[in-house]
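Peer 1:
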Amino acid sequence: MMSKHILIAEDDTVQREIIGDILEQYNYTVARAAGGEEALESLRRTAFDLLLTDMKMPGMDGLELLRRAKSLRPDLDVVVMTAHATIKTAVTAIREGATDYLEKPFDKDELLLVIQRALEKGTLRRENRQLRELVSHATALGNMVGESPVMREVFTRTSRAAQVNSTVLILGESGTGKELIARHLHFAGPRKKKPFLVVNCAAIPDNLVESELFGHEKGAFTGADTTRAGKFEAADGGTVFLDEIGDMHLGSQAKLLRVLQDGVVERVGSNKPQKVDVRVIVATNRDLKKRVEEGAFREDLYFRLEVLSIELPPLRDRMEDLPLLVSHFRDKLGKKLGIVPPTVGPDIIDAFRRYRWPGNVRELEHTLEQIFILSDGGEVRMEDLPAKLRSPQPDPGGIALPAGGLVLEDLEQELIRQALDRSGGRIKEAAELLGLTYKTLQYRLKKHEIDRNG
Ligand SMILES: Nc1ncnc2c1ncn2[C@@H]1O[C@H](COP(=O)(O)OP(=O)(O)OP(=O)(O)O)[C@@H](O)[C@H]1O
Ligand SMILES: [Mg+2]
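Residue numbers (our numbering): 304 to 757.
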């Protein structure tokens with residue numbers, strides 16, 4: 304245990320020295336101040352565990368010092384010393400946040416007992432608070448907000464997971480905040496001062512993934528003219544975030560498993576295993592279990608990853624987060640765009656609620672940005688909303704027919720528009736919804752002159 308740090312504020316030099324000497328004999332680290340101002344100065348510079356202050360001092364008295372000290376360091380334990388005649392002030396002091404008081408004159412044993420008890424109380428209080436914070440299901444985590452029970456649970460799990468070294472698997476649809484969670488795991492944990500490196504497995508050609516992750520020796524393959532360290536070596540002491548892990552090919556998966564199990568990497572073209580100290584966080588928007596069944600993902604790796612997983616629910620399953628998210632993005636976008644964003648009333652939130660948000664929170668943010676840019680201040684009106692939010696949404700089971708006449712051509716266009724709306728403008732997803740190939744849909748978009756962003 305580190306010795307506790309105590310500040311004594313006492314104008315009487317003799318008393319100050321005696322008390323200081325006693326506490327030092329009992330292994331406390333002591334600093335001494337002759338008055339309130341001097342004590343405050345020390346409190347600003349040094350983190351003390353406890354302030355022991357006399358009540359009656361010229362200039363700033365003990366009560367004033369107590370108030371200012373508590374506003375400076377709410378966690379600080381304060382013990383006040385007071386003569387019998389002013390015991391009333393002791394009561395006031397306790398009300399103002401003092402942990403305990405000592406009645407003058409006191410002897411050595413009393414002094415030590417009260418100090419020890421106050422320090423214990425403080426430790427307990429801090430521990431309790433930390434525990435409460437952990438389980439309090441906060442409504443914010445780093446840059447993320449959410450007040451639905453599922454998101455509060457996600458925040459709690461993430462806060463806990465940030466403190467340990469285990470590999471974490473983050474699951475969730477596109478735009479649900481997987482990368483934000485990964486960043487929080489790193490930047491709220493003990494590795495925060497070391498690198499956080501991101502590798503998007505879907506964006507790198509299969510044959511280059513291994514060299515990117517593990518490095519390569521000169522001449523290991525055509526084009527490898529120099530020896531290069533991989534991301535794992537470069538992130539030593541920190542975190543590697545493997546995004547879109549569901550798209551990693553089987554060969555690389557085997558090597559990754561080895562890193563997770565033995566903590567060693569081997570550069571491509573070398574057979575010298577190298578120890579690395581890296582925390583691994585992975586994410587995917589794919590159904591990994593299904594990938595395992597399809598033989599596209601190693602089962603042993605899946606079991607290894609799934610031990611600690613954090614699943615982000617799609618926005619449509621937690622619409623109660625909408626008001627908080629909207630207010631969060633109003634602030635964020637206001638700063639980004641340099642405007643006072645228009646207010647978003649309940650009718651607009653209701654329209655948001657009726658939409659399915661295939662692109663989740665990211666889509667919400669982009670949609671709000673679009674609305675804020677186009678609106679002319681004041682309040683967002685229904686007619687400011689993009690088409691996808693104004694027309695009632697088809698329920699997921701069937702597709703609503705357009706009102707009015709049914710010309711086959713119109714119907715087709717309408718269906719394509721609705722599919723694009725639901726996919727947030729992504730052609731690939733829209734094609735899947737329609738049961739068309741990517742190419743066919745592209746062709747039809749051209750034919751009907753549909754802009755994929757509605
Ligand atoms: N709970 C949230 N609170 C505030 N902003 C959020 C939240 N979730 C997501 N966002 C916003 O959405 C953006 C997208 O999040 P992020 O990049 O983490 O998604 P993702 O799950 O990694 O998506 P993809 O699978 O497409 O990579 C973030 O940059 C952030 O602006
Ligand atoms: Mg991402």
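Ideal Cβ placement from N, Cα and C applies to all residues, glycine included.
Predicted model, so just to flag it, every value in this text is computed and none were measured.
With respect to the alpha helix (DSSP H) encompassing T542, which residues constitute its N-terminal and C-terminal limits?
Peer 2: In the sequence shown, counting from the first residue as 1, residue 542 sits at position 239. Where T542 is concerned, there is no enclosing alpha helix (DSSP H), although the beta strand (DSSP E) it sits in stretches over 542-546.
Peer 1: Would you mind stating whether E450 and L627 have Cβ atoms separated by less than 9 Å?
Peer 2: Within the sequence shown, the letter at position 147 stands for residue 450. Within the sequence shown, the letter at position 324 stands for residue 627. Yes; because the gap between Cβ atoms is below 9 Å, this pair is in contact.
Peer 1: With a CB to CB cut of under 8 Å and the five nearest residues on each side skipped, what residues in its chain are close to A506?
Peer 2: Translated into positions along the sequence shown, residue 506 becomes position 203. The answer, listed in chain order, is E547.
Peer 1: How many Å lie between D315 and R432 at the Cα?
Peer 2: The sequence position of residue 315 within the sequence shown is 12, counting from 1. The sequence position of residue 432 within the sequence shown is 129, counting from 1. Spanning the two alpha carbons is a distance of roughly 36 Å.
Peer 1: In whole angstroms, what separates the C-alpha of I702 from that of L723?
Peer 2: Along the sequence shown, read from residue 1 onward, the residue named residue 702 stands at position 399. Along the sequence shown, read from residue 1 onward, the residue named residue 723 stands at position 420. Note that I702 has pLDDT 49, beneath the 50 cutoff, so the model's placement of it is unreliable and no number is given.
Peer 1: Would you please verify whether the beta carbon of K731 is less than 9 Å from any beta carbon of chain B?
Peer 2: You won't find chain B in this structure, because it holds only one protein chain.
Peer 1: Shortest alpha-carbon distance to E718 belongs to which of G727, R729, A733?
Peer 2: For the purposes of this step, residue 718 is taken as the residue at position 415 of the sequence shown. The amino acid occupying residue 718 in the given sequence is Leu; Glu does not appear at that position. For L718, the nearest C-alpha among the options comes from A733.
Peer 1: Quick check on L444: does DSSP put it in helix, strand or coil?
Peer 2: As a first step, residue 444 must be located in the sequence shown, where it is residue number 141. L444 falls in the strand class under three-state DSSP.
Peer 1: Straight-line CA distance for D679 to E672?
Peer 2: Working through the sequence shown from its first residue, we reach residue 679 at position 376. Working through the sequence shown from its first residue, we reach residue 672 at position 369. Each residue's Cα considered, the two are about 13 Å apart.
Peer 1: What is the rounded straight-line gap between the Cα of G475 and the Cα of K481?
Peer 2: Reading the sequence shown from its first residue, position 172 is the one you call residue 475. Reading the sequence shown from its first residue, position 178 is the one you call residue 481. Roughly 7 Å between the two C-alpha positions.
Peer 1: Among I651, V381, R370, A334, which residue has its Cα nearest to the Cα of T356?
Peer 2: If you number the sequence shown from 1, residue 356 lands on position 53. For T356, the nearest C-alpha among the options comes from V381.
Peer 1: Among T389, P508, A421, whose alpha-carbon lies nearest the alpha-carbon of G400?
Peer 2: Taking the first residue of the sequence shown as 1, we reach residue 400 at position 97. The residue with the shortest Cα to Cα distance from G400 is A421.
Peer 1: Hey, V281 and F535 are a contact pair by Cβ (cut 8 Å); roughly how many whole angstroms apart?
Peer 2: Absent from the model: residue 281. The displayed extent of the chain is 304 to 757, so no value can be given.
Peer 1: Given 8 Å as the limit, tell me if E668 has its C-beta closer than that to any heavy atom belonging to ligand 1.
Peer 2: Walking along the sequence shown from the start, residue 668 turns up at place 365. Yes, Cβ of E668 sits closer than 8 Å to a heavy atom of ligand 1.
Peer 1: Spell out a yes or no on whether the segment 441-458 and the segment 603-620 are touching, meaning 3 or more CB-CB pairs, one atom from each, closer than 8 Å.
Peer 2: Yes, the segment 441-458 is in contact with the segment 603-620.
Peer 1: What residue range is occupied by the uninterrupted beta strand (DSSP E) comprising N503?
Peer 2: Residue 503 sits at position 200 when you count from the first residue of the sequence shown. Run containing N503: 499-503, per the beta strand (DSSP E) assignment.
Peer 1: What does the Cβ neighbour count give for D624, buried or exposed, with the cut at 16 atoms within 10 Å?
Peer 2: What you label residue 624 is simply residue 321 of the sequence shown in a count that begins at 1. Classification of D624: buried, given that the 10 Å Cβ count is 16 or more.
Peer 1: Decide if the segment 542-556 is in contact with the segment 519-530; the criterion is three or more beta carbon pairs, one per stretch, under 8 Å apart.
Peer 2: The segment 542-556, when compared against the segment 519-530, does not touch it at the 8 Å Cβ threshold.
Peer 1: Straight-line CA distance for F458 to S477?
Peer 2: Position 155 of the sequence shown, counted from the first residue, corresponds to residue 458. Position 174 of the sequence shown, counted from the first residue, corresponds to residue 477. So the alpha carbons of these two residues sit roughly 18 Å apart.
Peer 1: Nearest-angstrom Cα distance between L483 and E735?
Peer 2: Translated into positions along the sequence shown, residue 483 becomes position 180. Translated into positions along the sequence shown, residue 735 becomes position 432. Each residue's Cα considered, the two are about 28 Å apart.
Peer 1: Does any heavy atom of ligand 1 sit closer than 8 Å to the C-beta of D624?
Peer 2: One-based indexing of the sequence shown puts residue 624 at position 321. Yes - ligand 1 has a heavy atom lying nearer than 8 Å to the Cβ of D624.
Peer 1: With the cut-off set at 9 Å, would you say A337 and L354 are in Cβ contact?
Peer 2: By 1-based counting over the sequence shown, the position of residue 337 is 34. By 1-based counting over the sequence shown, the position of residue 354 is 51. Their beta carbons are not under 9 Å apart, which means A337 does not touch L354 by this criterion.
Peer 1: Let me make sure I understand the geometry here. Which of D352, K750, F490 has the alpha-carbon closest to that of M305?
Peer 2: Within the sequence shown, residue 305 is the residue found at index 2, counting from 1. Answer by Cα proximity: D352.
Peer 1: Below 7 Å CB to CB, which residues in the same chain sit around D698 once its five sequence neighbours on both sides are set aside?
Peer 2: As a working mapping, residue 698 is identified with position 395 in the sequence shown. Because D698 carries a pLDDT of 48, less than 50, the predicted location of this residue cannot be relied on, and the following value inherits that uncertainty. Cβ within range, chain order: n/a, list empty.
Peer 1: Below 8 Å, how does it come out for the segment 629-641 and the segment 658-672: are there three or more Cβ pairs, yes or no?
Peer 2: Yes, they touch.
Peer 1: Residues around ligand 2, please: the condition is that the C-beta lies closer than 6 Å to some non-hydrogen atom of it.
Peer 2: The filter returns K481, E482, D546, in chain order.
Peer 1: Short check: CB of F517 to CB of K558, under 9 Å?
Peer 2: The sequence position of residue 517 within the sequence shown is 214, counting from 1. The sequence position of residue 558 within the sequence shown is 255, counting from 1. Against a cut-off of 9 Å, the Cβ pair of K558 and F517 comes out as a contact.
Peer 1: Y658: buried (16+ other C-beta within 10 angstroms of its C-beta) or exposed?
Peer 2: In the sequence shown, counting from the first residue as 1, residue 658 sits at position 355. The residue is buried, with at least 16 neighbouring Cβ atoms inside 10 Å.
Peer 1: Measure the C-alpha to C-alpha separation of R370 and A393 and round it to an integer number of angstroms.
Peer 2: Translated into the one-based positions of the sequence shown, residue 370 becomes position 67. Translated into the one-based positions of the sequence shown, residue 393 becomes position 90. Those two C-alpha atoms are separated by around 13 Å.
Peer 1: Taking the continuous beta strand (DSSP E) assigned at P612, which residues delimit it?
Peer 2: One-based indexing of the sequence shown puts residue 612 at position 309. With the sequence shown as reference, residue 612 is identified as Ser, and Pro is not the correct amino acid for it. Per DSSP, S612 belongs to the beta strand (DSSP E) from 612-615.
Peer 1: Any heavy atom of ligand 1 inside 8 Å of the beta-carbon of M447?
Peer 2: Here residue 447 corresponds to residue number 144 of the sequence shown, with the count starting at 1. Because some heavy atom of ligand 1 lies under 8 Å away, the Cβ of M447 counts as near it: yes.
Peer 1: If you check the beta carbons only, do L553 and V585 fall under 9 Å apart?
Peer 2: Here residue 553 refers to the residue found at position 250 of the sequence shown. Here residue 585 refers to the residue found at position 282 of the sequence shown. No, they are not a contact pair.
Peer 1: Between the Cα of V383 and those of I418, S374, L375, spot the shortest distance and give me the residue it belongs to.
Peer 2: Position 80 of the sequence shown, counting from 1, holds the residue named residue 383. When each option's Cα is compared against that of V383, the closest is I418.
Peer 1: If you follow the beta strand (DSSP E) that L366 is in, where does it begin and where does it stop?
Peer 2: For this step, residue 366 is matched to residue 63 along the sequence shown. Here L366 belongs to no beta strand (DSSP E); instead the alpha helix (DSSP H) covers 365-375.
Peer 1: Below 6 Å CB to CB, which residues in the same chain sit around R747 once its five sequence neighbours on both sides are set aside?
Peer 2: The residue labelled residue 747 in the question sits at position 444 within the sequence shown. Within the same chain, R747 has no close Cβ partners at all.
Peer 1: Determine the direct distance from the alpha carbon of T479 to that of G293, and round the result to whole angstroms.
Peer 2: With the chain represented from 304 up to 757, any question about residue 293 goes unanswered, as that position is not in the structure.
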